[in-house]
Amino acid sequence: MSALPGATRSGTLVPRAIRSSTLLRSLLLVVVAGLVLLVVSDQLSAYRDLQLAAGAYYFCVLAGLTVLAGSSGQISLGHGALMAVGAYTVGKLANVGWAVVPELAAGTAATLIIGIPLGIAASRLRGPYLAGATLAFAVGLPALADRFPTFLGGENGLTINPPTPPASLGANFPLERWEAWIACAGAVIVLFVFYNLGRSGVGRALRAVRDDEIAASLGGLRIGRWQTLAFSLSAAAAGLGGGLLAVVTQTIAPGAFPLQLSLSLLAGVVIGGLGSLMGAVWGAILLVFLPNWTNDAANSFSLSSNVSHNLPLAVYGVVLIGAMLVWPSGIQGALRAIWRRAATALGTGGGQTPARTPGDGGTAITVDAPPRTPAAEEPTPEAGAQAPSER
Amino acid sequence: MTKFIDLTLNGISTGAIYAAVALALVLIWRSTRIVNFAQGAMLMFTTFIASGVIDGGGSYVLGFAVALASGFVLGAVVERVLVRPVEGAPQLNAVILTLGLYTLLVALAGMIWGNTPRSFPAAFSLRGYRVGGTTLLFTPNDTFTVLVVLAVAALLALLFRRTTLGLRMRAAAFAPEVARLLGVRVGRMLTLGWALAAVTGALAGVLVAPSVFVGPNNFDPILISGFVAAVIGGLDSPPGAVIGGLLLGLALSYVSGYEGSALVPLAALVILMIVLMIRPTGLFAATRERRV
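In order, the protein sequence lines correspond to chains F and U.
Start counting the first sequence at 1; every next residue gets the next number (the numbering used here).
Start counting the second sequence at 1001; every next residue gets the next number (the numbering used here).
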């Protein structure tokens, strides 16, 4: 296992204990992230607080997706529908008077339970088969709300009681800020769990399974179980994200979880870079701000409403296509490449060993080579960059 | 009992549509080992073009022909420009690429034609045949649909089995190296394979449009069903795709009739999972060693 780039190069600035202990390091990360979010949210307007909250719940889902891709080489199109599972659970419980924390925990648990059978199926499927199955899940699940209109509210969905800020924060404490705090707390928990998971024995086992199933099973790892675990954890993160969405938006309907949501989530992880938690942050920023940017662009160029409504979707499509053709490692991969080049130029030695943590590879990772390669030319640069390089 | 007969007849006509979409997916899978998730959006796009032609005063036949022609061009361009660079790359890249294309086409269709679904004319009457005193849930248009799909399947079988071009295409798909040494333009054959697949998809789009209406998202369930039908047939076998499509059409018709149409995509998912778990090579696959 190569060491973390930050740990090897940051010299004496960081105490040894923090450098050597993943848990301490991640706790520090969590405290810093929490404090920054706390301070930032205090400065923001109500509208910006809601955007922060949206970024936080998108981060939860994207982190789950990116960990799934980075640790088992699978992509799921069902995470939009899994968000719906979390959201509807939270919504139903909130309306019978549950408090925020237990209802979010229940939403996460419910999605985990749905995720386990999906994960068992996913562990037996590869590439296009898994994509097709999760695609069917994404299209099919929201229709259930129509099937049970009295319980799930049908096409109009459910309205959810908003959370109440505790009285100790003062009578004038804005609801939006309280929602942003809740969402950010959820995001920080997801960050903490996945950061530690990726650097634990579990993370190493998952990467071993991803990179070489035969070698991993010879090494005593139960392939199916690890892949099921990866999918279930990823589903739980999506459920928490969906639950937070329900808390923040206070209304959920099947129309909020279309196939396009799953595709935009996929675009978010791809542009951030599959397999990297930082990439999930970039993806969340994109998902929150892109609709605003395209709206502004549409207004300033006075485009028709047809165009402006579909512009974000078009951008997601271009991102997905462009990333595969031009820039398969996403923003985080590109930043890492720039950083590595800069480090080489400065002579700090960072460029001699590609300081990549396995699983942070940030490329579209897959185990399978296609059975046949119809184009028998040299592998293109893209293709070369794709192959999992840690064996 | 009449309901059962009605649902069976309805299942055959929707199954024919699924079979056409499944054929489109199988053609592409055979030639490039890629599942074209953009197929649903591609056939949506060509159907919109046909709808534009017909609304602009063109005849149904002209709209039909324009849909097929634009499908041919779209398929060829997509293969040549977008898919060629990821052929031979990890499978995940092709999956993400075709999903990106799906997303882009849906967005473009929304921009050009708006998100409100519009109606589409049928080739023949939509009034059911009358047998004795009852009206069956099977119309002259359904007959047309089934016959057209069967004809296309037969034509494709003829092309691949009886013509030199079909032989070249099969060689390019199964042994590209050898085919190239023997003088087959492998790249061109792959482009042609995608173009033919897109034509088959465009056909399915025009045939199904009267019943689902034409909108950017109205063909998503068709894609799912087509994929499931292709997997039932083994994803590798054109006859398997046709039979898989008909079987799935029947199954989903019963689900829709007895349990409600909202459950159809989930039922398709359940059928897909059962097939993949019990017989991952599909019911009709020629090859044994496929990994799912």
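A virtual CB, placed ideally from N, CA and C, is assigned to each residue, including glycine.
Task: Boundaries of the alpha helix (DSSP H) in which E1087(U) is found, first to last residue - done: Position 87 of the second sequence, counted from the first residue, corresponds to residue 1087(U). Bounds of any alpha helix (DSSP H) do not take in E1087(U), whose DSSP letter is neither H nor E.
TODO: Measuring alpha carbon to alpha carbon, tell me which of A133(F), L245(F) and V269(F) ends up nearest V90(F).
DONE: For the purposes of this step, residue 90(F) is identified with residue 90 of the first sequence, where counting begins at 1. Of the candidates A133(F), L245(F) and V269(F), the one whose C-alpha sits nearest the C-alpha of V90(F) is L245(F).
Open item on the list: Would you say the beta carbon of G91(F) is closer than 7 Å to some non-hydrogen atom of the ligand SAH?
Closed with: Of ligands this structure carries none, so the ligand SAH is not represented either.
Task: Anticipated Cβ contact below 8 Å, L958(U) with L1156(U), distance rounded - done: Outside the shown range of chain U (1001 to 1292) lies residue 958(U), about which nothing can therefore be said.
Task: 8 Å CB neighbourhood of G1257(U) in its chain, flanking five on each side removed - done: As a working note, residue 1257(U) is residue 257 in the second sequence. Excluding residues within five positions, the ones whose Cβ falls inside 8 Å are K1003, D1006, L1007 and N1010.
TODO: Could you spell out where the alpha helix (DSSP H) holding D146(F) opens and where it closes?
DONE: For the purposes of this step, residue 146(F) is taken as the residue at position 146 of the first sequence. Start and end: L144 to R147.
TODO: Using 10 angstroms around the beta-carbon of N1093(U), count the other beta-carbons present and answer buried if the total reaches 16, otherwise exposed.
DONE: Taking the first residue of the second sequence as 1, we reach residue 1093(U) at position 93. By the 10 Å Cβ count, N1093(U) comes out buried.
Open item on the list: Looking at the secondary structure, which residues open and close the alpha helix (DSSP H) in which N292(F) lies?
Closed with: For this step, residue 292(F) is matched to residue 292 along the first sequence. Unbroken alpha helix (DSSP H) run through N292(F): L277 to S300.
TODO: Sort out for me which residues DSSP pairs L244(F) with in a bridge.
DONE: If you number the first sequence from 1, residue 244(F) lands on position 244. For L244(F), DSSP assigns no beta-bridge partner whatsoever.
Open item on the list: In whole angstroms, give me the CA-to-CA distance for F1324(U) and F1144(U).
Closed with: Since the displayed chain U opens at 1001 and closes at 1292, residue 1324(U) lies outside it and no answer follows.
TODO: Name, in chain order, the residues that DSSP records as bridge partners for V1214(U).
DONE: Taking the first residue of the second sequence as position 1, residue 1214(U) is located at position 214. DSSP lists R1118(U) as the bridge partner or partners of V1214(U).
- [ ] Run through the stretch 32-106 of chain F for me and flag every whole beta strand (DSSP E) of 3 or more residues, listed as ranges in chain order.
- [x] With a minimum length of 3 residues, no continuous beta strand (DSSP E) run stays inside the stretch 32-106 of chain F.
Open item on the list: For A1089(U), tell me which candidate among R1033(U), G1132(U) and F1045(U) has the shortest Cα-Cα distance.
Closed with: Counting from 1 along the second sequence, the entry for residue 1089(U) is found at position 89. In this structure, R1033(U) is the residue among R1033(U), G1132(U) and F1045(U) with its C-alpha nearest to the C-alpha of A1089(U).
Task: Test: R147(F) CB closer than 8 Å to a CB of chain U - done: As a working note, residue 147(F) is residue 147 in the first sequence. Answer yes: the Cβ-Cβ gap between R147(F) and chain U drops below 8 Å somewhere.
- [ ] Taking only beta carbons into account, state which residues of the stretch 115-141 of chain F come closer than 8 Å to chain U, listed in chain order.
- [x] Taking a C-beta cut-off of 8 Å against chain U, the contacting residues of the stretch 115-141 of chain F are A121, R124, L125, R126, G127, P128, Y129, A131, G132, A133, L135, A136, F137, V139, G140 and L141, listed in chain order.
Open item on the list: Residues of the stretch 1108-1137 of chain U in Cβ contact with chain F at a cutoff of 9 Å, in chain order, please.
Closed with: Cβ proximity to chain F below 9 Å picks out L1108, A1109, G1110, M1111, I1112, W1113, G1114 and N1115 from the stretch 1108-1137 of chain U.
- [ ] Counting only runs of 4+ residues fully inside the stretch 1124-1210 of chain U, write out the alpha helix (DSSP H) ranges in chain order.
- [x] Taken in chain order, the whole alpha helix (DSSP H) runs of length 4 or more contained in the stretch 1124-1210 of chain U are 1140-1162, 1164-1174 and 1176-1181.
Task: C-alpha distance - S1031(U) paired with L1246(U), whole-angstrom precision - done: In the second sequence, counting from the first residue as 1, residue 1031(U) sits at position 31. In the second sequence, counting from the first residue as 1, residue 1246(U) sits at position 246. Taking the straight line joining both Cα atoms gives about 23 Å.
Open item on the list: Going by the DSSP bridge assignment, what does T1046(U) pair with across the sheet?
Closed with: Locating residue 1046(U) in the second sequence gives position 46, where the first residue counts as 1. DSSP lists no partner for T1046(U).
Open item on the list: Check whether chain F comes within 8 Å of L1082(U), counting only Cβ atoms and requiring the distance to be less than that.
Closed with: Locating residue 1082(U) in the second sequence gives position 82, where the first residue counts as 1. Interface residue, yes.
Open item on the list: Quick check on this structure: which residue in A1197(U), V1199(U), L1248(U) and G1234(U) has the alpha carbon closest to the alpha carbon of V1264(U)?
Closed with: Working through the second sequence from its first residue, we reach residue 1264(U) at position 264. Per the Cα distances, L1248(U).
Task: is_contact[I113(F), chain U] using C-beta, thresh 8 Å - done: Sequence index remark: in the first sequence, residue 113(F) carries index 113 (1-based). Proximity of I113(F) to chain U, defined by a Cβ-Cβ separation below 8 Å, is not satisfied.
- [ ] Say whether chain F places a C-beta atom closer than 8 Å to the C-beta of A1262(U).
- [x] In the second sequence, residue 1262(U) corresponds to position 262, counting from 1. With 8 Å as the cut-off, A1262(U) counts as an interface residue toward chain F.
Task: Under 9 Å (Cβ pairs) to chain U, residues found in the stretch 309-323 of chain F - done: Within the stretch 309-323 of chain F, the residues whose Cβ lies closer than 9 Å to some Cβ of chain U are H309, N310, L311, P312, L313, A314, V315, Y316, G317, V318, V319, L320, I321, G322 and A323, listed in chain order.
Open item on the list: Do A237(F) and A56(F) have their beta-carbon atoms positioned less than 8 Å apart in this structure?
Closed with: Sequence index remark: in the first sequence, residue 56(F) carries index 56 (1-based). Sequence index remark: in the first sequence, residue 237(F) carries index 237 (1-based). No.
- [ ] Let me know the secondary structure DSSP gives T159(F) once reduced to three states.
- [x] By 1-based counting over the first sequence, the position of residue 159(F) is 159. In this structure, T159(F) counts as strand in the three-state DSSP scheme.
Task: Any C-beta of chain U under 8 Å from that of N306(F) - done: Numbered from its first residue, the first sequence carries residue 306(F) at position 306. The Cβ of N306(F) sits closer than 8 Å to at least one Cβ of chain U.
TODO: Mind checking which residues open and close the alpha helix (DSSP H) that includes P165(F)?
DONE: Position 165 of the first sequence, counted from the first residue, corresponds to residue 165(F). First-last for P165(F): undefined, no H or E at that position.
Open item on the list: Taking 6 Å as the limit between beta carbons, can you name the residues of its chain near I114(F), skipping five residues before and five after?
Closed with: As a working note, residue 114(F) is residue 114 in the first sequence. Answer for I114(F): V85, listed in chain order.
Open item on the list: Suppose the cutoff is 7 Å on Cβ atoms and the five residues either side in sequence are ignored; what does the same chain contact list for R1170(U) look like?
Closed with: Here residue 1170(U) refers to the residue found at position 170 when the second sequence is read from its first residue. Correct list, in chain order: F1160.
- [ ] Compare the beta carbon distance of L277(F) and A53(F) with 8 Å and say whether it is the shorter of the two.
- [x] As a working mapping, residue 277(F) is identified with position 277 in the first sequence. As a working mapping, residue 53(F) is identified with position 53 in the first sequence. Not in contact: L277(F) and A53(F) (Cβ atoms no closer than 8 Å).
Open item on the list: Just to confirm before moving on: does the CB-CB distance between L266(F) and L24(F) stay below 8 Å?
Closed with: In the first sequence, counting from the first residue as 1, residue 266(F) sits at position 266. In the first sequence, counting from the first residue as 1, residue 24(F) sits at position 24. Not a contact, by the Cβ cut-off of 8 Å.
Task: Cut-off 7 Å between Cβ atoms - residues of its own chain near V1208(U), not counting five sequence neighbours on either side - done: As a working note, residue 1208(U) is residue 208 in the second sequence. Apart from the 5 residues on each side of it in sequence, V1208(U) sits with its Cβ closer than 7 Å to the Cβ of I1017 and I1222 in its chain, given in chain order.
Open item on the list: I'd like to know if the stretch 31-41 of chain F and the stretch 174-192 of chain F are in contact, where contact means that at least 3 CB-CB pairs between them fall below 8 Å.
Closed with: Counting Cβ pairs under 8 Å, three or more are found: they touch.
Task: Amino acids of chain U, ordered along the chain, whose beta-carbon sits closer than 8 Å to that of I75(F) - done: One-based indexing of the first sequence puts residue 75(F) at position 75. Against I75(F), the close residues of chain U are L1092, V1095 and I1096, in the order they occur along the chain (beta-carbon pairs closer than 8 Å).
Open item on the list: So, for A1173(U): in the same chain, excluding its five sequence neighbours on each side, which residues have a beta-carbon less than 6 Å away from its beta-carbon?
Closed with: Sequence index remark: in the second sequence, residue 1173(U) carries index 173 (1-based). Within the same chain, A1173(U) has close Cβ partners R1030 and S1031.
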